[in-house]
Amino acid sequence: MTTEHPGLRESNLFNRDVIHEIQRAAREGIYGIRGWGSKRYLPHFDDLVFLGASMSRYPLEGYRERCDTDVVIGDRYASKPLHLKIPITIAGMSFGALSAQAKEALGRGASAVGTSTTTGDGGMTPEERESSTQLVYQVLPSRYGMNPDDLRKADAIEVVLGQGAKPGGGGMLLGLKMNERVAAMRDLPPGIDQRSACRHPDWTGPDDLEIKIRELRELTDWEKPLFIKIGASRPYYDTALAVKAGADVIVLDGMQGGTGATQDVFIEHVGIPTMPALRQAVEALMELDMHRVVQLIVSGGIRSGADVAKALAMGADAVSIGTAALIALGDNSPEFDEEYRKLGSAAGYYDDYQAGCDPAGISTQDETLASRLDPVLGGDGWQTICAPSPWRRRSLPGPVVNPTC
Amino acid sequence: MEQLFDLAQTPLRELNQALHDCLPDAAESVWRIVNPKGEHAVACGIDTPADVQIQGHVGYYCAGMNKQAHVVIHGNAGTGVAENMMSGLVRVKGNASQSAGATGHGGLLVIEGNAAARCGISLKGLDIVVRGSVGHMSGFMAQRGSLVICGDAGHALGDSIYEAKIFLKGKAQELGADCVEKELAEEHLTFLAALLESAEVDADASDFRRYGSARCLYHFDIDNADAYA
Ligand SMILES: Cc1cc2nc3c(=O)[nH]c(=O)nc-3n(C[C@H](O)[C@H](O)[C@H](O)COP(=O)(O)O)c2cc1C
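Note that the protein sequences, when read in sequence, are chains R and D.
Following this note's numbering, the numbering of the first sequence begins with 1 at its first residue and continues without gaps.
Following this note's numbering, the numbering of the second sequence begins with 1 at its first residue and continues without gaps.
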């Protein structure tokens, strides 16, 4: 590898990033923890292209002809399924990882475009319940803030088995973000480096999960759709087992998926990328005759209408976004470049969500920083990236995107 | 007036729906459930001042997320009895399987027999009194509340415990990571005696030892690596 000085060769194995990391680890003695998703190259939807309409395929008139983008989620057993106007949902991101303002902004934006948002590993805040017309309540291994009142207030329930960024790993919330409110919601002392459990406390394996799901349905009188979220590691088997366990909906989070705080080694070296994971999940559903009966929501690196369309074309019923939604709220904006640099980062590189010093006021619990984000304006901002997506989808040839178009 | 549900005749759904139809501020109601025969999720999600007597053995998650109600199981209970309970009282006359009282936020759970592994796992404020012994990993990651064990405890008692308190009369096979014995001060004796009394368990508070967190794992630090070993 040639640098600006011909003759100086940088090692492919021991490149400057690697050297920096070894020296940091030697100094600090602990693995690196960060937010965001994987940063290394992984196969992704960019590696796919659509076949446009031609002799044998009939195109739709873009921007004019009707194209339905709504989707019903969770009608296998639930008496009150979700009806989303667009097939793009907001992924679960905890209050704790994100500020209350960011959670509210996500709820407002999601409600404005007729889609759902999701709680996270810290319980449900009143702000996000009020601002979200369709709110999915996560049941995580930690069960922080879990209570039957919030369960009944939710529009759907998501049992989280794992995340794409760290399949098999529990959450982390470092001391700087464990302020009084966050700690009280989690029944923990403020200021500690908190690690959420990685295993559920009251069930082990798919047979138990089936019984757990029955309990959650009994608790909520069989009204709410039940989602099972899996981090992509054995998606073919996990999908089949989730169907068997009685899920209405499967949420599949690929290796590219974002996180609030995880060990870098976990983010970069564990899991299956979103695209091949999706293929395996669809195959499992088809073999069971459950494709489009149990809906499949896919996440992990969804950035654009093209990614959404490709995921749907591959067999997903909807997608879920985390990082892209935060970016739409202002995360990594050049506007904050100077402040990112003071933190040793720069706009476009910032991934220290764990540190709680986010100049954009999103991944922080600091009141002053968090108040920089206006939940109303933020909500407007991100809804505009989603709102035109039907239009974007329509600009792609209908039949290859989705048979209902 | 007592309501009688025979689960050999009536589907569980009808029972749970009838319980859920009672409002939180309703007058106290009395329920008797017969022939549970190991059914799962019996009487889960109650939020009303009900007195519920279950005659027989129950499966998983009986009285899950209970609020207000007093539920008595005249038999053994499967996995996760009273999981995430918020308030009220749940009493198991027989033995309880694993994860009894898991993540419970409040109220009192009494197990008159033994409890299996992971009793009181991730406890968040509930008090649990076990007249017999508990299995391995009991009190794992317990955050708040207390676990009182009148018999012995299996391996890794209180592993990774936060601020919950463990009172043990017998012996622990081994303490888990970051769990240590602590002084049983006057305030603890008073608290424990009151708890034993409300659990109607006849034991002397001064016969117990108290265990809790050494708080060494509260902050990520390379110097703590030994604590996991
Ligand atoms: C800041 C942040 C916090 C997160 N918190 C949670 C959480 O509490 N529970 C959960 O299941 N997933 C959590 N995730 C993962 C997301 O739900 C989702 O799987 C992921 O962000 C999707 O990938 P994407 O970011 O590339 O869109 C979090 C992600 C981020 C970026």
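Note that CB positions come from ideal geometry on N, CA and C, so glycine has one too.
Item	Value
Nearest to ASP150/R (by Cα), restricted to the options GLN3/D, ASN84/D, HIS74/D and VAL134/D	ASN84/D
C-beta contact flag for ARG210/D and LYS165/D at 8 Å	yes
Any chain R beta carbon closer than 8 Å to THR48/D	no
Alpha helix (DSSP H) segment containing GLN354/R, residue limits	From DSSP, GLN354/R is part of no alpha helix (DSSP H); its letter is neither H nor E.
Contact set between GLY175/R and chain D, taken where Cβ atoms lie within less than 7 Å	HIS219
Assumed close pair ASP264/R, GLY92/R - CB separation to whole angstroms, cut-off 8 Å	With a Cβ gap of about 21 Å, ASP264/R and GLY92/R do not count as contacting.
Between the CA atoms of VAL71/D and MET178/R - distance to the nearest angstrom	36 Å
Any non-hydrogen atom of ligand 3 closer than 7 Å to GLY330/R Cβ	The ligand content of the structure shown is limited to ligand 1, which means ligand 3 is not among them.
Residues that ASP193/R contacts on chain D, provided the C-beta gap is smaller than 7 Å	TYR218, HIS219 and PHE220
Residues near PRO185/R by beta carbon distance below 6 Å, same chain, minus five either side	Note that residue 185/R is Met in the sequence shown, not Pro. Within the same chain, MET185/R has close Cβ partners GLY122, GLY123 and GLY145.
Any non-hydrogen atom of ligand 1 closer than 7 Å to GLN143/D Cβ	no
CB contact below 8 Å: PRO359/R versus chain D	no
Exposure label - SER133/D; buried when at least 16 CB within 10 Å	buried
Proximity test, MET65/D beta-carbon vs ligand 1 heavy atom, cut-off 7 Å	no
Any non-hydrogen atom of ligand 1 within 7 Å of THR364/R CB	no
Nonlocal neighbours in the same chain, by C-beta distance under 8 Å from SER122/D, ignoring five residues either side	ALA102, THR103, PHE140, MET141, ALA142 and GLN143
Any non-hydrogen atom of ligand 1 within 7 Å of GLY109/R CB	no
Where the alpha helix (DSSP H) through SER111/R begins and ends	100 to 112
Start and end residues, alpha helix (DSSP H) containing TYR340/R	337 to 342
N- and C-terminal bounds of the alpha helix (DSSP H) containing ASP202/D	Where ASP202/D is concerned, there is no enclosing alpha helix (DSSP H), given that its DSSP letter is neither H nor E.
Residue ranges of each beta strand (DSSP E) within the segment 46 to 123 of chain D, 3 or longer	50 to 55, 70 to 74, 89 to 92 and 108 to 111
Separation of GLY45/D from SER87/D, as counted between CA atoms	11 Å
The segment 287 to 299 of chain R touching the segment 344 to 364 of chain R, judged by at least three CB pairs closer than 8 Å	no
Per-residue burial, SER363/R [other beta carbons within 10 Å of its own, 16 or more giving buried]	buried
Segment limits, beta strand (DSSP E) that includes SER146/D	144 to 149
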